[in-house]
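Asker: For the record, in the sequence shown the residue sitting at position 60 is 60 according to the UniProt record's numbering, with numbers rising by one throughout.
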Amino acid sequence: MTTEAAKDRNTAPPPGAGATWGTLFVVLVGAFITVLDYFIVNVAVPSVQSDLGATASQSQLVIVGYGVAFTAGMITGGRLGDLYGRRRMYSLGLALFTLASLACGLAPDPETLIAARIAQGIAAALLVPQVLGILSSTYEGERRGKAFNAYGLAVGMAGVFGQLVGGLLISSDIAGLGWRTIFLINLPVCLVALVCTRKYVPESRGDSTARLDVLGAILVTVALVAVVLPLVHGHEHNWPAWGWVVLAASVPLLLLFVAHQRRLSSTGRSPLIELALFRERSFSVGLLAMVTYFMAMGSFFFLLAYFLQQGRGYSPLESGLIFFPLGVGYFGATMLSGRLSPRANGLGPATLGVGYALLGTMVLLLGEGTSVVWTVPALIVAGLGMGMTTGPLTGAVLAGVSERHAASASGAVNTMQEGGAALGVAIAGTVFFPVLTRSDSFDQAFVLGLAPLVVFCAAAAALWRGMHPASAEGGAAGEPPSGAEGGPEAGGTGADGPGTGAEGGENDRPAARETVG
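1. Taking the alpha carbon of VAL246 as the reference point, which residue from PHE257, LEU256, LEU224 and SER265 has its own alpha carbon closest?
2. Could you tell me the distance, in whole angstroms, from the CA atom of VAL27 to the CA atom of ARG117?
3. Taking Cβ to Cβ, would you say ALA333 is nearer than 9 Å to GLY383?
4. Take ALA512 and list the residues in its own chain whose beta-carbon comes closer than 6 Å to its own, dropping the five residues that flank it on each side.
5. If you pair each beta-carbon of the stretch 160-167 with each one of the stretch 108-115, do three or more pairs fall below 8 Å?
6. Would you mind sorting ARG180 into buried or exposed? The rule is 16 or more other CB atoms within 10 Å of its CB.
7. Relative to the alpha-carbon of THR375, which residue among PHE331, GLY420 and ASP443 has its alpha-carbon at the smallest distance?
8. Are the beta-carbon atoms belonging to PHE302 and ALA428 less than 9 Å from one another?
9. Can you name the start and end residues of the alpha helix (DSSP H) that VAL246 belongs to?
10. Within the same chain, show all residues whose beta-carbon is closer than 7 Å to that of VAL165, passing over the 5 residues directly before and after it, in chain order.
11. State buried or exposed for ASP173, treating a residue as buried only when at least 16 other CB atoms are found within 10 Å of its CB.
12. Across the stretch 404-423 and the stretch 131-141, are there enough close Cβ pairs to call them in contact, namely three or more that are closer than 8 Å?
13. According to the Cβ coordinates, are GLY73 and ALA125 closer than 9 Å?
14. Compare the C-alpha of GLY313 against each of PRO188, GLY67, ARG263 and VAL372 and name the closest.
15. Within the chosen definition, does the stretch 247-266 reach the stretch 213-231 through at least 3 CB pairs nearer than 8 Å?
16. Specify the secondary structure class of LEU352 as computed by DSSP and reduced to three states.
17. Classify VAL214 as buried or exposed, calling it buried when 16 or more other Cβ atoms lie within 10 Å of its own Cβ.
18. Jot down the residue ranges of each uninterrupted alpha helix (DSSP H) in the stretch 187-223, minimum 4 residues, whole runs only, in chain order.
19. When the distance is taken between beta carbons, is GLY320 closer than 9 Å to GLY178?
20. Could you work out which residue in SER101, VAL128 and THR437 is closest to residue 586 when comparing CA atoms only?
21. If you count every other CB in all the chains shown that lies within 10 Å of the CB of MET295, and 16 or more means buried, which is it?
22. Quick check: PRO202 and THR71, are their CB atoms within less than 9 Å of each other?
23. Can you tell me whether ILE134 is helix, strand or coil according to DSSP?
24. Please report how far the alpha carbon of GLN261 lies from the alpha carbon of SER47, in whole angstroms.
25. Using a Cβ-Cβ cutoff of less than 6 Å, which residues in the same chain neighbour GLY355 once the five nearest sequence positions on both sides are dropped?
26. Going by C-alpha to C-alpha distance, which of LEU398, ALA461, VAL128 and GLY85 sits closest to VAL29?
27. Taking a contact to mean a Cβ-Cβ separation below 9 Å, would you say ALA421 touches SER250 in this structure?
28. Using the beta-carbon count (16 or more within 10 Å), is GLY85 buried or exposed?
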């Protein structure tokens, strides 16, 4: 270990000292606020158009610019945390996000708002990968499992309640600011979190002697933009030719990126993302499970919001209130997910699929003249499935990742989450809009749009079950190899959710590792 790396590790409290949840609270503020801003803008689009005179295309760019910058930058953001310190990059990302939010709230024209939203996305890409990296390096055993579940709760609540919060803020019209409050509300929240970061968040990093792979960062960023931009923007423009050209170009770009990473690894230099991570079955298969799960969850928010506001004529606030049962189910499941047996892996996505199927059935049976209140039970079931999946699946994917690769692995995980959501929206949109055009029935289009989501849920459930071959032999999925640090014999229960006592595969971790608890 280098002197610099040792110094960074010594900035953290020794095991058992200061074992509070202050770190968790501070970093989850960043995760919550960035995901919230991904969804909250949807309800503000009409107000932005009328206030700034934005065109339909400019209004879409307010949403798309953030999403593309957010998704494309996360692998690089994670690597920066490994190299230069996760707390440092988290603080920098939080400060930039605060300034970008201020610029959004004060934007005098659509062009300024679009630029500020792109800056917000870049800041979020720097901030978010550090969250899981910090949690992985700070908590262990049962605490780590609970921390990942709390992360899942924060992310899910931000997504589920994004439209409700946006509707409330816009309807309240605080100080006559209207839609601007959805951005300006970030300022006090982020400033408090920024002040508390220094006090509660220990510094950690990976290999401090390595250099940033600039060429790899450029390749992966351009490749991810080429993937995400057509998927997010294409369905809004009836899949133009340029979208297919850009999407096709992403394939050779990604291949070039992989070849470049292999070359760096073979010559002993530091790649942007360690390809050896993908040799771990729990990581590689888990990423596939995460992509398919977020394809289902992310596209569902889009379909439900569009169905409620365009199909049923609900206001943003009324539409947001319909999301409340999802939040109830999500919160309840998150509180209980740590008590589920590891053998229940895959039950969450399966429950989510059942909720979608029930919702589609209820919409068909009720007809257009019936209140959507009757869909509440199905929404609660769907919320339960989300709560049983988001945090535990994240913990299962990252359980065997060594601390020195924690932030870069987290960047890959977050990229799969956001990219999966964009891909799901694109697929759901290709089903929903053609059916709506042919039949002029929002109910029929909504139900058929849910069909691929049920398939995604089934695929995610199957992949999660297949992450650990030992589970088929009676072992607990997510359980570390025998004798691995933090395993059941070291105090982990093996039944407190993914990540509980799962420190396996970290033989390169120093004995005096940086943890709390």
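All C-beta atoms, glycine included, are put in the ideal place defined by N, C-alpha and C.
Note that this is a predicted model, so its numbers are computed, not measured.
Answerer: So, from the listed chains and residues:
1. Nearest C-alpha to VAL246: LEU224.
2. Put simply, the backbone Cα of VAL27 is about 21 Å away from that of ARG117.
3. With a cutoff of 9 Å on beta-carbon distance, ALA333 and GLY383 are scored as near each other.
4. Note that ALA512 scores 33 on pLDDT, short of 50, meaning its location in the model is unreliable; the coordinates nonetheless yield the value given after this. Hits under 6 Å: none found.
5. At 8 Å Cβ cutoff, the stretches do not touch.
6. Only buried fits ARG180, as 16 or more other CB atoms lie within 10 angstroms of its CB.
7. That would be ASP443, whose Cα lies nearest to the Cα of THR375.
8. The answer is yes: Cβ separation under 9 Å.
9. Residues 241-266.
10. LEU36 and ILE40.
11. Label assigned to ASP173: exposed.
12. With the cut-off at 8 Å, the stretch 404-423 and the stretch 131-141 touch.
13. Yes, these two residues count as a Cβ contact at 9 Å.
14. Per the Cα distances, VAL372.
15. Flag = yes, the stretch 247-266 and the stretch 213-231 touch.
16. For LEU352, the secondary structure class from DSSP, reduced to helix, strand or coil, is helix.
17. Exposed.
18. Taken in chain order, the stretch 187-223 contains no complete alpha helix (DSSP H) segment of 4 residues or longer.
19. No, Cβ-Cβ distance for GLY178 and GLY320 is not below 9 Å.
20. In the structure as shown, the chain begins at 1 and stops at 517. Residue 586 is therefore absent and cannot be evaluated.
21. A residue is called buried once 16 or more other Cβ atoms fall within 10 Å of its Cβ, and MET295 is buried on that count.
22. No. Outside cutoff.
23. Helix.
24. Distance between the alpha carbons of GLN261 and SER47: 45 Å.
25. Closer than 6 Å at Cβ, skipping near neighbours: ALA378, VAL381, ALA382 and GLY385.
26. Among LEU398, ALA461, VAL128 and GLY85, the Cα nearest to that of VAL29 belongs to VAL128.
27. Result no, Cβ atoms of ALA421 and SER250 do not sit closer than 9 Å.
28. Answer is buried; the Cβ neighbour count reaches 16.
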